[in-house]
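Taking it in order: structure first as structure tokens, then the write-up.
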Amino acid sequence: MVLSIESSCDDSSIAITRVDGYELIFHKKISQELDHSVYGGVVPELAARLHAKTLPKILEQAKEFLPHIKAIAVTTEPGLSVSLVEGVAMAKALSVALNLPLIGVNHLKGHIYSLFIEKKAVFPLGVLLVSGGHTQVLDVKSHDNINILASTLDDSFGESFDKVAKMLDFGYPGGPVVEKYAKKGDASRFDFTIPLQNSSKIAFSYSGLKNQVRLCIQEHKDNLNEQVKSDICASFQRVAIAHLIQKLKKVLKSYKFKNFAVVGGASANEHLRGELEKLRSDLLVAPMEFCSDNAAMIGRASIEDFLKGNFASLEQLDIKPRVKSF
Ligand code: KG4
Ligand code: ZN
Numbered sequence: 089m090v091l092s093i094e095s096s097c098d099d100s101s102i103a104i105t106r107v108d109g110y111e112l113i114f115h116k117k118i119s120q121e122l123d124h125s126v127y128g129g130v131v132p133e134l135a136a137r138l139h140a141k142t143l144p145k146i147l148e149q150a151k152e153f154l155p156h157i158k159a160i161a162v163t164t165e166p167g168l169s170v171s172l173v174e175g176v177a178m179a180k181a182l183s184v185a186l187n188l189p190l191i192g193v194n195h196l197k198g199h200i201y202s203l204f205i206e207k208k209a210v211f212p213l214g215v216l217l218v219s220g221g222h223t224q225v226l227d228v229k230s231h232d233n234i235n236i237l238a239s240t241l242d243d244s245f246g247e248s249f250d251k252v253a254k255m256l257d258f259g260y261p262g263g264p265v266v267e268k269y270a271k272k273g274d275a276s277r278f279d280f281t282i283p284l285q286n287s288s289k290i291a292f293s294y295s296g297l298k299n300q301v302r303l304c305i306q307e308h309k310d311n312l313n314e315q316v317k318s319d320i321c322a323s324f325q326r327v328a329i330a331h332l333i334q335k336l337k338k339v340l341k342s343y344k345f346k347n348f349a350v351v352g353g354a355s356a357n358e359h360l361r362g363e364l365e366k367l368r369s370d371l372l373v374a375p376m377e378f379c380s381d382n383a384a385m386i387g388r389a390s391i392e393d394f395l396k397g398n399f400a401s402l403e404q405l406d407i408k409p410r411v412k413s414f
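Residues 89 to 414 in the working numbering are what the sequence shown lists, from first letter to last.
Below, the structure written as structure tokens:
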């Protein structure tokens with residue numbers, strides 16, 4: 089069994105995964121969403137303090153499994169540095185105390201493995217990764233061979249939902265609440281421009297769309313009732329997703345992926361899933377509970393490294409908060 093720890097942003101999570109058959113033996117996650125909600129975004133210092141408080145509490149619940157653990161896996165990259173170090177410190181302490189090898193896991197690779205919890209992995213695979221920090225199209229040839237085909241020039245897809253939510257005083261995270269409002273709104277009311285639609289660039293950009301929404305909110309500030317808010321959310325969501333789909337279509341023209349998946353916290357968005365299914369009716373998605381950050385996906389990814397003997401020493405294991413490659 090491998091014990092895995094995730095603390096790259098605002099979720100503290102620990103999982104235990106069996107090496108043979110990938111069975112998820114233990115999985116617990118404590119989200120800090122409510123604590124950050126009042127600030128309209130994640131406050132790094134608060135996130136770190138809460139990880140330091142909650143990770144040991146979760147570990148206590150997993151105590152009975154500790155004698156059976158064969159390795160400690162932990163998210164080392166990318167993420168908030170002050171959050172990552174909390175998980176890494178716990179991993180190193182466990183490694184020393186229990187004399188176990190360490191495995192450093194890339195968080196984005198973890199999201200890919202959210203598709204394969206308790207399952208064998210299917211590669212090669214095209215992946216759309218949509219999270220709070222990233223918007224990428226990936227060519228996943230194998231566990232160790234992942235190429236980034238497109239990424240965002242500024243804000244990420246999930247981040248743009250968070251920023252729109254902040255402007256509308258919805259709290260954090262913005263994705264689920266903006267989606268909820270969008271369901272009640274008229275998506276054709278506001279004619280926001282689709283980003284980079286006249287550009288041949290295969291890349292994403294969300295900061296311009298966010299500014300269009302900001303101006304629209306300003307224009308309606310004296311009459312920002314529930315219907316106007318819903319119409320803004322619906323129009324924003326339509327354009328945000330249309331942008332993803334336009335660029336993705338271009339990628340899919342050149343890359344004939346045998347399998348295609350969407351992963352990341354924002355892959356929970358139903359409208360997005362529906363539009364992607366129009367492009368690929370065989371779209372692979374992770375179960376809802378594993379879309380957002382969790383240690384089960386980190387544990388599942390680490391099994392591949394465990395089997396290959398890809399271990400890191402105490403000195404080697406370090407955080408890489410801003411790493412761009414896999
Ligand atoms: O993968 P994740 O849990 O954390 C990161 O690695 O960033 O993704 C969180 C992001 C947040 O920006 C959140 O607003 C967004 O995913 N999100 C959504 C939805 N649910 C979560 N965005 C759009 N629609 C949703 N339903
Ligand atoms: Zn994530």
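We treat Cβ as the ideally placed atom computed from N, Cα and C, and that holds for glycine.
Can you check which of these residues, the options, is closest to residue i by C-alpha distance?
{"i": "S96", "options": "D279, L138, P212", "result": "L138"}
{"i": "A389", "options": "K141, Q120, K208, N286", "result": "K208"}
{"i": "C421", "options": "N233, I200, S287, A238", "result": "Nothing about residue 421 can be read from this structure; the chain reaches only from 89 to 414."}
{"i": "G109", "options": "S413, A140, F204", "result": "F204"}
{"i": "F278", "options": "N382, L134, V327", "result": "V327"}
What did DSSP end up calling residue i once you bin it into helix, strand or coil?
{"i": "V225", "result": "strand"}
{"i": "D279", "result": "coil"}
{"i": "N194", "result": "strand"}
{"i": "E152", "result": "helix"}
{"i": "A270", "result": "helix"}
{"i": "I205", "result": "coil"}
{"i": "V176", "result": "helix"}
{"i": "S413", "result": "coil"}
{"i": "N313", "result": "coil"}
{"i": "S244", "result": "coil"}
Is residue i a contact residue of ligand 2, with contact defined as CB to any heavy atom under 7 Å?
{"i": "G263", "result": "no"}
{"i": "S219", "result": "yes"}
{"i": "H199", "result": "yes"}
{"i": "H231", "result": "no"}
{"i": "G352", "result": "yes"}
{"i": "H124", "result": "no"}
What residue range does the alpha helix (DSSP H) around residue i cover?
{"i": "N382", "result": "From DSSP, N382 is part of no alpha helix (DSSP H); its letter is neither H nor E."}
{"i": "L168", "result": "Per DSSP, L168 belongs to no alpha helix (DSSP H) and is neither H nor E."}
{"i": "A291", "result": "Here A291 belongs to no alpha helix (DSSP H), and DSSP marks it neither H nor E."}
{"i": "I157", "result": "Counting along the chain, I157 falls outside any alpha helix (DSSP H), and DSSP gives it neither H nor E."}
{"i": "E403", "result": "Per DSSP, E403 belongs to no alpha helix (DSSP H) and is neither H nor E."}
{"i": "S96", "result": "Element bounds for S96: n/a, residue is neither H nor E."}
{"i": "F348", "result": "Counting along the chain, F348 falls outside any alpha helix (DSSP H), though it belongs to the beta strand (DSSP E) covering 348-351."}
{"i": "R361", "result": "358-367"}
Got a sec, what are the start and stop residues for the beta strand (DSSP E) residue i sits in?
{"i": "G214", "result": "213-218"}
{"i": "H115", "result": "112-119"}
{"i": "S239", "result": "233-239"}
Is there at least one non-hydrogen atom of ligand 1 closer than 7 Å to the beta-carbon of residue i?
{"i": "D381", "result": "yes"}
Mind reading off the beta-carbon distance from residue i to residue j? Whole number of angstroms is fine, and I expect it under 8 Å.
{"i": "L237", "j": "N347", "result": "Their Cβ separation, rounded to whole angstroms, is 15 Å, which puts L237 and N347 out of contact at 8 Å."}
{"i": "L241", "j": "A291", "result": "5 Å"}
{"i": "L219", "j": "A400", "result": "For clarity, residue 219 is Ser in the given sequence; the question names Leu instead. S219 to A400, Cβ: 24 Å. No contact."}
{"i": "I320", "j": "E363", "result": "That belief does not hold up - the Cβ atoms of I320 and E363 are roughly 20 Å apart, past 8 Å."}
{"i": "H222", "j": "L196", "result": "6 Å"}
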